[in-house]
Each structure stands twice: as C-alpha cells, then as structure tokens.
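Position one of the sequence shown corresponds to residue 1 (full-length UniProt numbering), numbered consecutively onward.
No residue lacks a Cβ here, since even glycine has one placed at the ideal position from N, Cα and C.
Take a look at the structure set out below.
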Amino acid sequence: MNSNFIVENIGKIAASAGIIVATFVIRFITKNALKFAFAKVSGRFNEKRLAKTKTVRSLLLNIINFGILLIAVLMILGQWGVNIGPLLAGLGVLGVGLSFGSQSMVKDFIGGFFIIMEDVFNIGDFVKIGAFEGEVRKMTIRSTVLRDTDGNRIYIPNSKIDIVTRFKPKKKK
Numbered sequence: 001m002n003s004n005f006i007v008e009n010i011g012k013i014a015a016s017a018g019i020i021v022a023t024f025v026i027r028f029i030t031k032n033a034l035k036f037a038f039a040k041v042s043g044r045f046n047e048k049r050l051a052k053t054k055t056v057r058s059l060l061l062n063i064i065n066f067g068i069l070l071i072a073v074l075m076i077l078g079q080w081g082v083n084i085g086p087l088l089a090g091l092g093v094l095g096v097g098l099s100f101g102s103q104s105m106v107k108d109f110i111g112g113f114f115i116i117m118e119d120v121f122n123i124g125d126f127v128k129i130g131a132f133e134g135e136v137r138k139m140t141i142r143s144t145v146l147r148d149t150d151g152n153r154i155y156i157p158n159s160k161i162d163i164v165t166r167f168k169p170k171k172k173k
C-alpha cells in the first residue's frame with residue numbers, strides 16, 4: 001500500500017477496524033452470555049439432558065455468529081462505498097432458492113429441536129414411531145436411529161416423526 005492510499009482512506013480504515021473490533025467484542029459477549037444462561041439452566045439436568053443442552057447451545061451460537069459476521073461484512077463493504085442494496089437483494093434471492101431446496105432439511109432440524117427440547121424420547125428408550133419399533137440408538141438434530149428386535153438399523157428423518165409411543169421399561173423379576 002502506498003501512503004497516499006492510507007492518508008486518503010484513514011476514515012474508512014478506522015471505521016472498518018472499529019467494526020472488526022466491535023464484532024469480536026459482540027461475539028465474545030454473546031458467547032459468554034449464552035454459556036452463562038445455559039449453565040444456569042443446565043444445573044437442573046441429568047447427563048442425557050445436559051448433552052442435548054450442549055447441542056442446542058452450539059447450534060444457537062453458530063447461527064448467531066453467522067448473523068453477526070454477515071452484518072459486520074456488510075457494514076465494512078458499506079464503509080468502502082460498495083452499494084449493498086443489490087448485494088442484499090442477491091442474498092435474498094439466494095436465501096429463497098436455498099430455502100426451497102433445503103425445505104426437508106429445515107423441517108428435520110425443527111423436528112429434531114422439538115424432540116430434544118420436549119424430551120419426547122431418549123437414547124436407550126424403546127419406542128414405536130409410525131410403523132417402526134425399536135430401541136433409540138442415536139439422536140441427531142436431523143434424524144433418529146432405531147435398532148429393531150432383529151438388529152436392523154432404521155433411520156427416520158425427524159420431520160417424519162409425528163406419533164410416538166414410548167414404552168415403559170420392563171421390570172426385572
């Protein structure tokens with residue numbers, strides 16, 4: 001860089017640096033606020049619920065961080081004279097296209113979120129989901145894996161889970 005560029009654009013450089021610093025500060029505060037909030041809530045949970053809480057916290061933190069970084073980039077581009085109107089319009093069109101293309105994935109995430117938060121079932125429970133029965137072996141935000149009595153693995157997208165029967169554990173004699 002030559003010194004004329006720096007002198008001519010010192011205001012833009014300072015504003016961009018300020019936005020970058022503010023972005024790091026906001027991300028730090030957000031991360032710690034979420035940690036604090038989830039720590040307060042997590043103290044009342046058992047191990048299974050605690051793992052679910054960490055998953056939700058991580059997902060929420062990633063979404064918030066993405067939003068903060070996107071806003072920071074747009075603000076910096078605006079400082080440098082880039083017309084962000086068409087960029088926002090393009091992002092909107094891209095968002096609409098992605099939302100149509102990933103509709104089932106979004107439904108799976110939402111379904112998984114509610115299954116986890118409402119404690120519908122847990123790993124190790126024996127359940128009936130639609131026509132399938134088995135032990136819950138794995139739960140992710142996108143799908144649930146059952147193992148039936150024959151040892152088969154059944155992968156069920158969370159968006160397809162509507163009616164669930166959770167069987168009581170059999171008492172040992």
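Boundaries of the alpha helix (DSSP H) in which residue i is found, first to last residue
i, result
"glutamate 8", "3-8"
"isoleucine 115", "103-117"
Top-ranked residue by Cα proximity to residue i, from the options
i, options, result
"lysine 35", "Arg57, Phe132, Phe24", "Arg57"
"phenylalanine 167", "Lys160, Ile10, Phe132, Phe109", "Phe132"
"aspartate 108", "Ile156, Ala14, Val164", "Ile156"
"glycine 112", "Phe38, Asn158, Gly67", "Asn158"
"isoleucine 29", "Thr53, Gly18, Lys54, Leu61", "Leu61"
"phenylalanine 126", "Gly67, Pro169, Trp80, Asn9", "Pro169"
"valine 120", "Phe38, Asn83, Asp162, Gly92", "Asp162"
Residue interval of the beta strand (DSSP E) (run including residue i)
i, result
"phenylalanine 132", "132-139"
"valine 164", "164-166"
"isoleucine 129", "126-129"
Residues bridged to residue i (per DSSP)
i, result
"proline 157", "Ser143"
Simplified DSSP assignment, three categories, for residue i
i, result
"isoleucine 63", "helix"
"valine 82", "coil"
"valine 73", "helix"
"phenylalanine 121", "coil"
"glycine 151", "coil"
Worksheet item: Do three or more CB pairs link the segment 130-148 to the segment 85-92 at distances below 8 Å?
Response: No, the segment 130-148 does not touch the segment 85-92.
Worksheet item: Is there contact between the segment 17-29 and the segment 72-84, where contact requires at least three CB pairs shorter than 8 Å?
Response: yes
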